[in-house]
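The structure appears right after this line, and notes come after that.
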Amino acid sequence: MREQAVSDLPPQLDDWFATRGWRPRRHQTDMLAQGRAGHHALLVAATGAGKTLAGFLPTLAELIEEPTSGLHTLYVSPLKALAVDVQRNLLTPIEEMGVDIRVETRTGDTPSDRKARQRVKPPQILLTTPESLSLLLSYPDSITMFEGIRTIVIDEVHAFATGKRGDLLSLCMARLQKISPGMRRVALSATVADADGYRAWLAPDGDIDQVAMVQGEAGADPDIAILLPEGRIPWSGHSGRYAAEQVMAEIEKHATTIVFCNTRSLAELIFQDLWKVNANTLPIGVHHGSLAREARRKVEGAMAEGKLRALVATASLDLGVD
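Position in the sequence shown (first residue = 1) + 18 = the working numbering.
Below, the structure is given as structure tokens:
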């Protein structure tokens with residue numbers, strides 16, 4: 019008997035899982051079932067549990083079974099880098115299955131000619147940020163673009179739902195729901211203390227009973243270690259630069275390391291300090307919001323392909339990046 023009878027996956031998706039030696043996880047099949055039923059849903063799962071794929075499974079299944087040329091699913095990310103990473107991860111199964119599904123990003127980095135084309139001929143899946151979505155909805159022809167939208171997927175919702183960006187996104191969802199009353203709302207989150215609060219935020223009228231709660235399986239146990247300084251810490255003006263040699267030693271022990279810094283200027287300083295003690299000339303990059311789009315995409319791609327041993331970054335990479 020085919021696994022499709024258990025997971026309700028289309029044959030193409032079923033075969034894609036099988037060729038990789040995978041089976042859909044329980045919370046992924048639960049999200050597929052909620053999508054089939056047309057329900058709003060909040061998925062809470064640990065990092066690395068396959069939340070993003072779970073959120074997109076209903077979309078992929080519907081587009082495989084009932085192809086459409088218009089905008090089907092809108093994905094909202096708190097970070098531009100995360101949207102690019104999700105695009106890369108979505109295109110892998112789409113290309114390997116050989117299905118005709120366009121996935122594009124729309125952020126501040128998107129060229130103006132592509133933005134203009136997206137308004138006339140939108141992709142089936144559009145990945146964006148709250149700010150770019152708000153601007154897109156301000157155009158008079160936005161009704162035409164969004165009138166057929168089926169699903170909105172909000173990733174890492176715990177990171178911004180309760181702030182000003184969350185308020186902006188709430189207004190955008192209300193506008194979208196007015197344009198397309200049948201639109202389904204989906205939110206993905208890491209473990210949170212007040213899941214019902216996020217369900218109320220996600221629900222069209224604040225009624226949590228309208229939003230199904232899907233709990234993910236436990237992820238990998240975190241391995242936490244504190245880097246203790248080997249020498250004396252300067253009284254002032256030291257930031258983390260005094261530990262460059264120790265950090266470099268940790269980088270040499272692992273395949274890929276992200277070194278997070280609080281500010282863009284500090285990221286540049288730490289990057290330079292690490293290069294000074296990089297005796298083996300390991301490939302190291304830097305990532306923050308002030309870099310040109312091409313530079314950021316280059317290091318993001320190199321990290322995804324395993325070509326970098328370390329990346330010094332600000333909060334521009336601290337959510338959901340694979």
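Every residue gets a Cβ at the ideal spot worked out from N, C-alpha and C, and that includes glycine. These numbers were taken from a predicted model, which means no experiment stands behind them.
Distance, residue j Cα to residue i Cα
i      : j      : result
Ala297 : Leu329 : 17 Å
Gly53  : Glu174 : 19 Å
Pro76  : Ala179 : 23 Å
Leu100 : Ile119 : 20 Å
Glu21  : Lys182 : Unreliable placement is indicated for Glu21, whose pLDDT of 40 sits below 50; the coordinate value is still reported in the next sentence. Each residue's alpha carbon lies about 44 Å from the other.
Leu66  : Arg41  : Checking the displayed sequence, the identity of residue 66 turns out to be Gly instead of Leu. Taking the straight line joining both Cα atoms gives about 15 Å.
Arg217 : Arg259 : 42 Å
Asp32  : Pro301 : 38 Å
Val94  : Pro252 : 43 Å
Val229 : His58  : 5 Å
Ser130 : Thr332 : 27 Å
Ser87  : Leu284 : 46 Å
Glu149 : Glu248 : 45 Å
Asp103 : Gly68  : 14 Å
Leu186 : Arg202 : 18 Å
Asp241 : Arg137 : 45 Å
Trp293 : Arg43  : 42 Å
Arg38  : Glu114 : 11 Å
Arg327 : Glu318 : 12 Å
Asp48  : Glu165 : 27 Å
Gly126 : Thr162 : 22 Å
Asp239 : Asp214 : 25 Å
Thr299 : Leu287 : 17 Å
Ala236 : Leu78  : 25 Å
Glu80  : Leu309 : 38 Å
Ser156 : Ala211 : 35 Å
Leu144 : Asp223 : 25 Å
Counted within 10 angstroms of its Cβ, other Cβ atoms place residue i as buried (16 or more) or exposed
i      : result
Val277 : buried
Arg250 : exposed
Leu246 : exposed
Val265 : buried
Arg124 : buried
Lys196 : exposed
Thr110 : exposed
Ile170 : buried
Pro141 : buried
Thr146 : buried
Ala192 : exposed
Ala177 : buried
Gly324 : exposed
Val24  : Low confidence applies to Val24: its pLDDT is 46, below 50, so where it sits in the model is not reliable, and the reading given next is rough at best. Answer is exposed; the Cβ neighbour count stays below 16.
Gly184 : buried
Residue span of the alpha helix (DSSP H) that contains residue i, given as start and end
i      : result
Ala55  : Arg44 to Ala55
Gly319 : Arg311 to Ala322
Arg124 : From DSSP, Arg124 is part of no alpha helix (DSSP H) but of the beta strand (DSSP E) over Val121 to Arg124.
Thr37  : Pro29 to Thr37
Whether residue i touches residue j by CB criterion (9 Å)
i      : j      : result
His305 : Arg314 : yes
Gln46  : Ala72  : yes
Ser198 : Arg168 : yes
Met321 : Thr274 : yes
Leu60  : Leu220 : yes
Pro28  : Ile82  : yes
Val295 : Ala262 : yes
Leu97  : Leu335 : yes
Val121 : Leu108 : yes
Ala64  : Ala208 : yes
Gln233 : Val62  : yes
Leu206 : Ile172 : yes
Residue interval of the beta strand (DSSP E) (run including residue i)
i      : result
Ala328 : Ala328 to Ala331
Leu155 : Looking at the DSSP string, Leu155 is not in any beta strand (DSSP E); the run it does join, the alpha helix (DSSP H), is Pro148 to Leu155.
Item checked: 3 or more residues per run - each beta strand (DSSP E) lying fully within the segment 193–261 -> 202–207 and 229–233
Checklist line | Every unbroken alpha helix (DSSP H) within the segment 67–111, with a cutoff of 4 residues, ordered by chain | finding: 69–83
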